[in-house]
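Residue numbers (my numbering): 709 to 1066.
Following: one structure in structure tokens, then a few remarks.
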Amino acid sequence: MSFVSTSENPSCLHRATGIDPASLQPGARSAIPARRGDVAVTLALRYAGTRTVTLRYEILGHEDLPAVFVAGGISAHRHVAGSEAFAEPGWWEAQSGVGRALDPSQHCIVGFDWLGGDGTLDVVIDPADQADAVAAVLDALRIERLRAFVGCSYGAMVGLQFAARHGARLDHLVAISGAHRAHPFSSAWRALQRRAVALGALQCDETHGLALARQLAILSYRTPEEFAGRFDAAKIVDGRVRVAAEDYLDYCGAQYTARTSPVAFQRLSESIDLQSVEPERIDTPVTVVAVEEDRLVPVEDSTALAQRLRGNACIEVLSSLYGHDAFLKEEAAIATILTRALQAAATFRSDISIEAAA
């Protein structure tokens, strides 16, 4: 594996011993360094052979602090939370920041853009390839070991692959709404989304096809109960029936197509359906988080995962109106779980250090 690294904001490269969080307001940014960079690596992809690719990462927090890798769904990216250097809100702002569960005054938060996320890699991508890409980024950053890998949705799948393939580099995995396999019903749902994109391409309107795919995806993320309480009855507009949720779905589709290419969606959606890892291969401590109303990752799959893991494992089951999107919406419950998991990871690392010194 080879790499060449570049970075932005070199003034943020200095190291420190951390910051007393009591001296900062929750969410404070001014004292927290952040930098972005990219690294060219050569990876042996499972189905696409050897490829040289560019991986883009972002670091939030001092780099001598325990590192936590954070990965979300296929729509997530390297920008987990805003900082003084990069002020725009991140995709998981609710959990990331001083005084929050993922506290950059106590941990070095690392995120990256998915392999294939920019649409330039039009090949089959296995979740295991993503795990190897994470390892390559860590190599480039000279991070030997992660205090935790926190993965949500697709990120949880990749986290499981990382634990199976690179477990010696990981103290604790938090797998939220992601399992060792893609459920067949969920895969069928995604297959129809990809067909919508393909149909749009046939009509020379890829954007419309991608927007429709995203709208179908939103329906799989959320719950009927949420829509029942949120939207009113259908109305007749210009002689046609328009249901109350259409404006919301149109907005979701437009937002998504503005930042995502059809190729990236197709390949990352496929990647979800390729997930296959044997839990018995994982001896890293794992916190599995399931949501009763999640129609994409049934509680039964999460329970089976937790039961089959070889190492220490616990499962946290939430109930949420937001279904698969609970990791984005149930802020307090997720924060409690993350805080508890990071404390367990710190204890595990302390115990290992004591044993090594004995």
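Quick reminder that beta carbons are idealized off the backbone N, C-alpha and C, glycines included.
Being a predicted model, the structure only gives us computed values, none of them experimental.
{"Check": "The stretch 766-782 / the stretch 736-750 touching (three or more Cβ pairs under 8 Å)", "Outcome": "yes"}
{"Check": "Between the CA atoms of T915 and P970 - distance to the nearest angstrom", "Outcome": "7 Å"}
{"Check": "Three-state class that DSSP yields for Y765 in the structure shown", "Outcome": "strand"}
{"Check": "Three-state secondary structure (DSSP) of R948", "Outcome": "strand"}
{"Check": "Own chain partners of L1013 with C-beta closer than 7 Å, once the 5 adjacent residues on each side are dropped", "Outcome": "A887, H888, P987 and V996"}
{"Check": "Cβ neighbours of P835 in the same chain (closer than 7 Å, five flanking residues each side left out)", "Outcome": "M865, V866, Q869, S979, L982 and Q983"}
{"Check": "Pick from H815, V747 and A795 that is closest to L692, judged by C-alpha positions", "Outcome": "Because the chain in this structure spans residues 709 to 1066, residue 692 falls outside the shown range and cannot be described."}
{"Check": "Expected contact under 8 Å - CB spacing of L829 and F857 to nearest Å", "Outcome": "Their Cβ separation, rounded to whole angstroms, is 22 Å, which puts L829 and F857 out of contact at 8 Å."}
{"Check": "Buried versus exposed, by CB contacts within 10 Å (16 or more), G961", "Outcome": "buried"}
{"Check": "Beta-carbon proximity check, A756 vs V832, cutoff 7 Å", "Outcome": "yes"}
{"Check": "Beta carbon proximity, V905 to chain C, threshold 7 Å", "Outcome": "The structure shown contains no chain C, having only a single protein chain."}
{"Check": "Q911 classed as buried or exposed, judged by whether at least 16 other C-beta atoms fall within 10 angstroms", "Outcome": "exposed"}
{"Check": "Neighbour-count burial assignment, L900, 16 or more Cβ in a 10 Å radius", "Outcome": "exposed"}
{"Check": "Through-space distance from I944 to W799, alpha-carbon basis", "Outcome": "36 Å"}
{"Check": "Reduced DSSP category for T750 - H, G, I as helix; E, B as strand; rest coil", "Outcome": "strand"}
{"Check": "Assumed close pair G819, A779 - CB separation to whole angstroms, cut-off 8 Å", "Outcome": "7 Å"}
{"Check": "Helix, strand or coil at T828 [DSSP, three-state]", "Outcome": "coil"}
{"Check": "L1026 (DSSP reduced to helix, strand or coil)", "Outcome": "strand"}
{"Check": "Collapsed DSSP secondary structure at G807 in the structure displayed", "Outcome": "coil"}
{"Check": "Sequence-distant residues of its chain with Cβ nearer than 7 Å to W822 (five each side left out)", "Outcome": "I782, Q838 and L976"}
{"Check": "Classification of Y959 by the beta-carbon crowding that lies within 10 angstroms, buried from 16 upward", "Outcome": "exposed"}
{"Check": "A966, enclosing beta strand (DSSP E) - first and last residue", "Outcome": "Looking at the DSSP string, A966 is not in any beta strand (DSSP E), and its letter there is neither H nor E."}
{"Check": "Cβ neighbour criterion (16 or more within 10 Å) applied to E660", "Outcome": "This structure does not reach residue 660, given that the chain is present from 709 up to 1066, and the question cannot be answered."}
{"Check": "Three-way DSSP call (helix, strand, coil) for A730 in this model", "Outcome": "Here the model assigns A730 a pLDDT of 44, short of 50, so the residue's position is not dependable and the matter cannot be decided."}
{"Check": "Opening and closing residue of the alpha helix (DSSP H) in which R922 lies", "Outcome": "E914 to Y929"}
{"Check": "Contained beta strand (DSSP E) runs [length at least 3] in the stretch 873-901, N- to C-terminal order", "Outcome": "881-884"}
{"Check": "For A748 and I767, the rounded distance between their alpha carbons", "Outcome": "17 Å"}
{"Check": "Short Cβ contact (7 Å threshold) for A904 with L920", "Outcome": "yes"}
{"Check": "CA-to-CA distance, D840 to R873, given in whole angstroms", "Outcome": "8 Å"}
{"Check": "Separation of Y862 from L1004, as counted between CA atoms", "Outcome": "11 Å"}
{"Check": "Exposed unless 16 or more other CB atoms sit within 10 angstroms - verdict on P812", "Outcome": "buried"}
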